[in-house]
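Student: In terms of the working numbering, the sequence shown opens at residue 35 and continues consecutively.
Ideal Cβ placement from N, Cα and C applies to all residues, glycine included.
The structure is given below, and queries will be raised subsequently.
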Amino acid sequence: MSRKETSALAPRLPVLLHRVRLQQAARAALHLVFPPRCICCGEAVASDFGLCGTCWSEAGFILGAACDSCGAPLPGQAGNERLTCDDCLRHPQPWSQGRAALSYDGTARRLILGLKHGDRLDLVRPLGGWLARAVRDLATPGTLVAPVPLHRFRLLKRRYNQSALLAQAVARAYGLDHLPDLLIRTRATPSQEGRSREERISNMAGAIAVNPRRSARIEGQKVLLIDDVMTSGATFAAATGALLAAGAAEVRVAALARVAKDT
């Protein structure tokens with residue numbers, strides 16, 4: 035901040051400090067009536083949108099070494115070199131890089147199911163924040179952020195796309211453009227649960243396309259695709275293929291949680 039800007043701000047400092055004190059007092063009063071609770075189990079915690087010690091220990095944050103392609107955790111410590119898991123070496127992915135914030139188990143699984151099927155929209159803020167931190171090196175200036183889409187029938191039933199809410203949080207964190215309707219589902223697909231890798235890929239074939247009304251936005255652009263969970267990567271692969279075919283320069287992907295092994 036320049037000296038001129040500092041001088042201009044000085045007369046307003048008492049007002050700003052007064053506002054901060056009022057906000058702190060209001061928050062303290064609110065906590066007397068509604069003490070902060072763990073967002074997973076409901077136990078008392080020190081701050082809003084936090085986890086208790088037990089749920090934190092079971093959260094499965096991916097903080098160490100991880101696959102640069104799919105985000106799966108790997109043994110060892112994170113370094114400057116790019117690492118690739120055995121699965122991505124056997125089955126190279128069509129996107130350039132991938133990240134995940136959590137392993138899909140324990141606390142992470144309970145929170146994602148709450149967001150996805152339990153109308154826990156209060157979880158968007160903390161989960162979106164965790165995902166934003168995980169993609170800080172992928173969210174480069176000018177990148178377009180887009181969610182994996184839901185078919186309109188499923189969206190009508192669920193009333194919201196949890197991946198779009200997470201994508202919006204990531205875009206807001208880095209001041210990037212969020213295009214929630216960049217991709218569309220061309221057909222309803224059965225659940226991927228319980229399917230093999232080959233069955234998942236076949237199930238998703240031709241199921242995702244670029245929205246014709248948005249095609250001009252992605253020519254030569256980098257796109258960061260967001261989803262809640264990655265298992266085999268078949269859904270991300272279908273979406274990536276559609277984006278690259280439409281002229282995207284590069285596609286990166288990020289999931290809130292990564293399933294450790296394809297099932």
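Should Ser266 go down as buried or exposed, given a rule of 16 or more other Cβ atoms within 10 Å for buried?
Tutor: Numbered from its first residue, the sequence shown carries residue 266 at position 232. Under this definition Ser266 is a buried residue.
Student: Tell me which same chain residues have a C-beta within less than 6 Å of the C-beta of Gly162, skipping the five on either side of it?
Tutor: In the sequence shown, counting from the first residue as 1, residue 162 sits at position 128. So the list reads Leu200 and Ala203, once near-sequence residues are dropped.
Student: Nearest CA to the CA of Arg159: which residue from Gln196, Glu92, Cys101 and Gln255?
Tutor: Along the sequence shown, read from residue 1 onward, the residue named residue 159 stands at position 125. Minimum Cα distance to Arg159 is reached at Gln196.
Student: Thinking Tyr138 and Ala243 are a contact (beta carbons under 8 Å), I'd like their distance in whole angstroms, please.
Tutor: Position 104 of the sequence shown, counted from the first residue, corresponds to residue 138. Position 209 of the sequence shown, counted from the first residue, corresponds to residue 243. Contact flag wrong, Cβ pair sits at about 27 Å.
Student: Is it the case that the Cβ atoms of Arg219 and Ala205 are separated by a distance below 8 Å?
Tutor: Position 185 of the sequence shown, counted from the first residue, corresponds to residue 219. Position 171 of the sequence shown, counted from the first residue, corresponds to residue 205. No; because the gap between Cβ atoms is not below 8 Å, this pair is not in contact.
Student: Among all the DSSP beta bridges, which residues are the ones paired with His185?
Tutor: For the purposes of this step, residue 185 is taken as residue 151 along the sequence shown, with counting starting at 1. According to DSSP, which records beta bridges pairwise, His185 is partnered with nothing at all.
Student: Please list the terminal residues of the continuous alpha helix (DSSP H) segment that includes Asp121.
Tutor: Working through the sequence shown from its first residue, we reach residue 121 at position 87. Counting along the chain, the alpha helix (DSSP H) containing Asp121 begins and ends at Asp120 to Arg124.
Student: How long is the line joining the alpha carbons of Ala99 and Glu115, rounded to whole angstroms?
Tutor: By 1-based counting over the sequence shown, the position of residue 99 is 65. By 1-based counting over the sequence shown, the position of residue 115 is 81. Ala99 and Glu115: Cα-Cα distance of roughly 10 Å.
Student: Tell me, which residues are paired with Ala292 by DSSP?
Tutor: In the sequence shown, residue 292 corresponds to position 258, counting from 1. Looking at the sequence shown, residue 292 is not Ala but Arg. Paired residues: Ser137 and Met264.
Student: Distance, Cα to Cα, Lys247 vs Pro175?
Tutor: Stepping through the sequence shown from its first residue, residue 247 is reached at position 213. Stepping through the sequence shown from its first residue, residue 175 is reached at position 141. In the sequence under discussion, the amino acid at residue 247 is Arg, which differs from the Lys named in the question. Cα to Cα, Arg247 sits roughly 23 Å from Pro175.
Student: So which of Arg167, Asp156, Ala222 and Arg170 has the shortest CA-CA distance to Arg186?
Tutor: If you number the sequence shown from 1, residue 186 lands on position 152. When each option's Cα is compared against that of Arg186, the closest is Ala222.
Student: Buried or exposed: Ala168, going by 16 or more other Cβ atoms within 10 Å of its Cβ?
Tutor: Start at 1 with the first residue of the sequence shown, and residue 168 comes out as number 134. With 16 or more Cβ atoms within 10 Å of its Cβ, Ala168 is classed as buried.
Student: Alpha carbon to alpha carbon, how far is Val257 from Asp171?
Tutor: The residue given as residue 257 occupies position 223 in the sequence shown. The residue given as residue 171 occupies position 137 in the sequence shown. Roughly 13 Å separates the two Cα atoms.
Student: If you run the structure through DSSP and keep just helix, strand and coil, what is Asp211?
Tutor: By 1-based counting over the sequence shown, the position of residue 211 is 177. Note: Asp211 maps to strand in three-state DSSP.
Student: Taking the alpha-carbon positions, what's the Ile146 to Gly209 distance?
Tutor: Indexing the sequence shown from 1 puts residue 146 at position 112. Indexing the sequence shown from 1 puts residue 209 at position 175. C-alpha separation (whole angstroms): 25 Å.
Student: Go through the stretch 73-105 residue by residue and report every complete run of the alpha helix (DSSP H) that reaches 4 residues or more, in order.
Tutor: Segments of the alpha helix (DSSP H) lying fully in the stretch 73-105: 87-91.
Student: Comparing C-alpha positions only, which one of Cys101, Asp121 and Ser81 sits nearest to Gly113?
Tutor: The residue you call residue 113 lines up with position 79 of the sequence shown. Answer by Cα proximity: Cys101.
Student: Look up Ala180 in the DSSP assignment and say whether it is helix, strand or coil.
Tutor: The sequence position of residue 180 within the sequence shown is 146, counting from 1. Strand at Ala180.
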